[in-house]
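Trainee: Below is the structure I would like to discuss, written out as C-alpha coordinates.
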Amino acid sequence: MNTGNRVLWILIGLVLTAVGVLGALISLDRLPRTYPDQPLLWPGLLEQWRARQGWATAAVVALGLVAAVLGFWLLRVQLRPQGKRHLPDLVFGEPAQHRPDAAPVAAEPTAAAAGVTEVRYRAIADSLAADLRRQQSVHKASVLLTGHAEAPELRLNLTARPGTDLATLRRGVDTALVRFTTTTGITASSVLVDTRVETPAAVAADTSRVH
-2 MNTGNRVLWI LIGLVLTAVG VLGALISLDR LPRTYPDQPL LWPGLLEQWR
48 ARQGWATAAV VALGLVAAVL GFWLLRVQLR PQGKRHLPDL VFGEPAQHRP
98 DAAPVAAEPT AAAAGVTEVR YRAIADSLAA DLRRQQSVHK ASVLLTGHAE
148 APELRLNLTA RPGTDLATLR RGVDTALVRF TTTTGITASS VLVDTRVETP
198 AAVAADTSRV H
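As C-alpha coordinates, then:
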(Lines of atoms letter the chains of each structure in order from A and count residues from 1; the text may use other names and numbers.)
(Lines give C-alpha, C1' and ligand atoms only; values in the text may rest on other atoms or scores of the structure.)
Protein backbone atom coordinates (compact mmCIF):
# COMPACT_ATOMS: atom_id res chain seq x y z
CA MET A 1 0.00 0.00 0.00
CA ASN A 2 1.54 3.31 -1.11
CA THR A 3 1.27 6.75 0.46
CA GLY A 4 -1.68 7.77 -1.71
CA ASN A 5 -3.67 4.75 -0.56
CA ARG A 6 -2.83 5.44 3.07
CA VAL A 7 -4.00 9.05 2.79
CA LEU A 8 -7.20 7.93 1.02
CA TRP A 9 -8.08 5.39 3.72
CA ILE A 10 -7.22 7.83 6.50
CA LEU A 11 -9.61 10.40 5.01
CA ILE A 12 -12.34 7.79 4.54
CA GLY A 13 -11.86 6.64 8.13
CA LEU A 14 -12.04 10.19 9.47
CA VAL A 15 -15.22 10.97 7.51
CA LEU A 16 -16.94 7.76 8.63
CA THR A 17 -15.85 8.35 12.23
CA ALA A 18 -17.22 11.90 12.13
CA VAL A 19 -20.55 10.67 10.74
CA GLY A 20 -20.78 8.00 13.42
CA VAL A 21 -19.95 10.42 16.22
CA LEU A 22 -22.47 12.94 14.86
CA GLY A 23 -25.20 10.31 14.75
CA ALA A 24 -24.40 9.17 18.29
CA LEU A 25 -24.53 12.75 19.61
CA ILE A 26 -27.90 13.35 17.95
CA SER A 27 -29.36 10.11 19.30
CA LEU A 28 -28.16 11.00 22.82
CA ASP A 29 -29.59 14.52 22.53
CA ARG A 30 -26.13 16.02 23.01
CA LEU A 31 -26.17 18.25 19.93
CA PRO A 32 -27.83 21.71 20.07
CA ARG A 33 -30.92 22.30 17.91
CA THR A 34 -31.42 18.60 17.26
CA TYR A 35 -33.77 16.03 18.78
CA PRO A 36 -33.44 12.23 19.06
CA ASP A 37 -36.81 11.66 17.35
CA GLN A 38 -36.14 14.20 14.60
CA PRO A 39 -36.38 12.62 11.07
CA LEU A 40 -33.12 12.44 9.14
CA LEU A 41 -34.86 13.67 5.97
CA TRP A 42 -36.26 17.16 5.65
CA PRO A 43 -40.09 17.40 5.43
CA GLY A 44 -40.40 17.79 1.65
CA LEU A 45 -38.17 14.81 0.90
CA LEU A 46 -39.84 12.81 3.66
CA GLU A 47 -43.26 13.34 2.04
CA GLN A 48 -41.93 12.23 -1.34
CA TRP A 49 -40.37 9.19 0.31
CA ARG A 50 -43.71 8.18 1.84
CA ALA A 51 -45.54 8.83 -1.44
CA ARG A 52 -43.19 6.51 -3.33
CA GLN A 53 -42.64 3.94 -0.60
CA GLY A 54 -42.25 0.93 -2.92
CA TRP A 55 -39.96 2.59 -5.45
CA ALA A 56 -37.97 4.36 -2.75
CA THR A 57 -37.27 1.10 -0.93
CA ALA A 58 -36.22 -0.60 -4.18
CA ALA A 59 -33.90 2.32 -5.01
CA VAL A 60 -32.26 2.14 -1.58
CA VAL A 61 -31.76 -1.63 -1.94
CA ALA A 62 -30.25 -1.14 -5.42
CA LEU A 63 -27.91 1.58 -4.18
CA GLY A 64 -26.90 -0.66 -1.27
CA LEU A 65 -26.05 -3.52 -3.65
CA VAL A 66 -24.03 -1.19 -5.88
CA ALA A 67 -22.16 0.13 -2.85
CA ALA A 68 -21.49 -3.44 -1.67
CA VAL A 69 -20.10 -4.47 -5.07
CA LEU A 70 -17.91 -1.36 -5.27
CA GLY A 71 -16.70 -1.94 -1.72
CA PHE A 72 -15.83 -5.56 -2.49
CA TRP A 73 -13.98 -4.52 -5.65
CA LEU A 74 -12.07 -1.81 -3.77
CA LEU A 75 -11.14 -4.28 -1.04
CA ARG A 76 -9.81 -6.76 -3.61
CA VAL A 77 -7.75 -4.06 -5.30
CA GLN A 78 -6.28 -2.93 -1.99
CA LEU A 79 -5.44 -6.44 -0.81
CA ARG A 80 -3.85 -7.28 -4.15
CA PRO A 81 -0.33 -5.83 -4.22
CA GLN A 82 -0.14 -2.81 -6.52
CA GLY A 83 -3.69 -3.65 -7.57
CA LYS A 84 -2.49 -6.25 -10.06
CA ARG A 85 -3.05 -9.95 -10.57
CA HIS A 86 -0.17 -12.23 -9.80
CA LEU A 87 1.36 -14.30 -12.57
CA PRO A 88 -0.74 -17.36 -13.51
CA ASP A 89 0.63 -20.86 -13.07
CA LEU A 90 2.95 -21.81 -15.93
CA VAL A 91 2.60 -24.88 -18.14
CA PHE A 92 5.76 -26.06 -19.88
CA GLY A 93 5.44 -28.34 -22.90
CA GLU A 94 2.59 -26.39 -24.52
CA PRO A 95 4.32 -23.35 -26.07
CA ALA A 96 1.25 -22.10 -27.96
CA GLN A 97 -0.88 -22.05 -24.82
CA HIS A 98 0.98 -19.12 -23.30
CA ARG A 99 1.68 -17.34 -26.57
CA PRO A 100 -1.64 -16.32 -28.15
CA ASP A 101 0.15 -14.51 -30.97
CA ALA A 102 2.30 -17.49 -31.87
CA ALA A 103 1.58 -19.68 -34.89
CA PRO A 104 0.29 -23.21 -34.16
CA VAL A 105 3.10 -25.69 -33.61
CA ALA A 106 2.76 -29.13 -35.12
CA ALA A 107 2.95 -31.90 -32.56
CA GLU A 108 6.06 -34.05 -32.75
CA PRO A 109 5.70 -37.83 -32.69
CA THR A 110 7.38 -37.90 -29.26
CA ALA A 111 5.35 -35.02 -27.80
CA ALA A 112 3.05 -37.35 -25.87
CA ALA A 113 6.03 -39.05 -24.28
CA ALA A 114 7.57 -35.73 -23.31
CA GLY A 115 4.56 -34.77 -21.20
CA VAL A 116 3.57 -31.45 -19.71
CA THR A 117 4.90 -29.77 -16.57
CA GLU A 118 2.81 -27.32 -14.57
CA VAL A 119 4.64 -25.02 -12.16
CA ARG A 120 2.71 -23.06 -9.55
CA TYR A 121 3.19 -19.30 -9.45
CA ARG A 122 4.00 -19.40 -5.74
CA ALA A 123 6.76 -21.96 -6.29
CA ILE A 124 8.37 -19.74 -8.94
CA ALA A 125 8.27 -16.66 -6.74
CA ASP A 126 9.48 -18.56 -3.66
CA SER A 127 12.44 -20.01 -5.57
CA LEU A 128 13.71 -16.53 -6.44
CA ALA A 129 13.09 -15.29 -2.89
CA ALA A 130 15.07 -18.25 -1.50
CA ASP A 131 17.93 -17.51 -3.91
CA LEU A 132 18.01 -13.88 -2.77
CA ARG A 133 18.04 -14.89 0.89
CA ARG A 134 21.19 -16.94 0.31
CA GLN A 135 23.12 -13.70 0.05
CA GLN A 136 24.79 -12.75 3.30
CA SER A 137 23.57 -9.16 3.03
CA VAL A 138 19.89 -10.13 2.69
CA HIS A 139 17.94 -10.74 5.88
CA LYS A 140 14.47 -11.13 4.34
CA ALA A 141 13.17 -11.31 0.77
CA SER A 142 9.78 -11.63 -0.89
CA VAL A 143 8.93 -11.72 -4.59
CA LEU A 144 5.83 -10.70 -6.53
CA LEU A 145 5.27 -11.51 -10.20
CA THR A 146 2.38 -9.79 -11.97
CA GLY A 147 1.10 -9.49 -15.52
CA HIS A 148 1.47 -12.00 -18.35
CA ALA A 149 3.84 -14.94 -18.59
CA GLU A 150 5.45 -13.55 -21.77
CA ALA A 151 6.64 -10.34 -20.09
CA PRO A 152 5.75 -10.21 -16.39
CA GLU A 153 6.52 -7.41 -13.99
CA LEU A 154 8.76 -8.35 -11.10
CA ARG A 155 8.82 -6.71 -7.67
CA LEU A 156 11.41 -7.58 -5.03
CA ASN A 157 11.00 -6.56 -1.40
CA LEU A 158 14.35 -6.89 0.35
CA THR A 159 15.39 -6.30 3.93
CA ALA A 160 19.16 -5.87 4.06
CA ARG A 161 21.34 -6.47 7.08
CA PRO A 162 22.97 -3.53 8.89
CA GLY A 163 26.06 -2.17 7.14
CA THR A 164 25.13 -3.65 3.76
CA ASP A 165 26.93 -2.20 0.75
CA LEU A 166 24.12 -1.40 -1.68
CA ALA A 167 26.35 -1.74 -4.75
CA THR A 168 27.27 -5.28 -3.70
CA LEU A 169 23.63 -6.02 -2.98
CA ARG A 170 22.64 -4.84 -6.44
CA ARG A 171 25.22 -7.08 -8.10
CA GLY A 172 23.89 -10.01 -6.10
CA VAL A 173 20.33 -9.22 -7.17
CA ASP A 174 21.39 -8.99 -10.83
CA THR A 175 23.11 -12.37 -10.59
CA ALA A 176 20.03 -13.93 -8.98
CA LEU A 177 17.82 -12.53 -11.74
CA VAL A 178 20.08 -14.02 -14.41
CA ARG A 179 19.82 -17.43 -12.71
CA PHE A 180 16.05 -16.99 -12.45
CA THR A 181 15.70 -16.26 -16.18
CA THR A 182 17.99 -19.15 -17.11
CA THR A 183 16.08 -21.61 -14.92
CA THR A 184 12.48 -20.57 -15.68
CA GLY A 185 12.77 -18.96 -19.10
CA ILE A 186 10.92 -15.92 -17.73
CA THR A 187 12.26 -12.49 -18.68
CA ALA A 188 10.68 -9.68 -16.69
CA SER A 189 9.57 -6.59 -18.60
CA SER A 190 10.35 -4.46 -15.55
CA VAL A 191 11.98 -5.02 -12.17
CA LEU A 192 11.19 -2.92 -9.11
CA VAL A 193 13.43 -3.45 -6.08
CA ASP A 194 12.22 -2.08 -2.75
CA THR A 195 15.05 -2.25 -0.22
CA ARG A 196 15.22 -1.24 3.41
CA VAL A 197 18.09 -1.74 5.84
CA GLU A 198 17.37 -3.33 9.20
CA THR A 199 18.74 -1.92 12.43
CA PRO A 200 21.00 -4.22 14.48
CA ALA A 201 18.38 -4.38 17.26
CA ALA A 202 15.66 -5.53 14.85
CA VAL A 203 17.84 -8.28 13.39
CA ALA A 204 18.82 -9.49 16.87
CA ALA A 205 15.17 -9.57 17.98
CA ASP A 206 14.13 -11.49 14.87
CA THR A 207 16.97 -13.99 15.33
CA SER A 208 16.00 -14.59 18.96
CA ARG A 209 12.41 -15.36 17.90
CA VAL A 210 13.64 -17.92 15.38
CA HIS A 211 15.74 -19.72 17.98
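Numbering-wise, this note's numbering puts 170 at position 173 of the sequence shown, and it's gapless, one number per residue.
We put the beta carbon where it would ideally sit given N, CA and C, even for glycine.
1. Between which two residues does the alpha helix (DSSP H) carrying T213 extend?
2. Please classify D191: does DSSP put it in a helix, a strand, or coil?
3. Am I right that L142 and A122 are in contact with their C-beta atoms under 8 Å? What's the rounded C-beta distance?
4. For E147, name the three-state secondary structure that DSSP assigns.
5. Just verifying my parser: in three-state terms, what is the DSSP assignment at K137?
6. Comparing alpha-carbon positions, which option in A164, G169, P159, D171 lies nearest P197?
7. When the distance is taken between beta carbons, is L13 closer than 8 Å to L22?
8. Going by the beta-carbon positions, is the gap between A148 and S186 smaller than 8 Å?
9. For R58, which residues in the same chain have their Cβ closer than 8 Å to its Cβ, ignoring the five residues on either side in sequence?
10. With DSSP as the reference, please indicate the residues paired to R152 in a beta bridge.
11. Check whether the Cβ atoms of S24 and P33 sit closer than 8 Å, and answer yes or no.
12. So, is T156 buried or exposed, given that buried needs 16 or more other C-beta atoms within 10 angstroms?
Mentor: The structure says:
1. The requested residue 213 is not part of the displayed model; the chain covers only -2 to 208.
2. Three-state DSSP puts D191 in a strand.
3. L142 to A122, Cβ: 6 Å. Contact.
4. coil
5. In the three-state reduction of the DSSP assignment, K137 falls in the strand class.
6. P159
7. No, the pair does not count as a contact, with Cβ atoms beyond the cut-off.
8. yes
9. The amino acid at residue 58 is misidentified as Arg; the sequence shows Val. Take V58, set aside five residues on each side of it, and no residue of its chain has a beta-carbon closer than 8 Å to its own.
10. L141, L189
11. yes
12. buried
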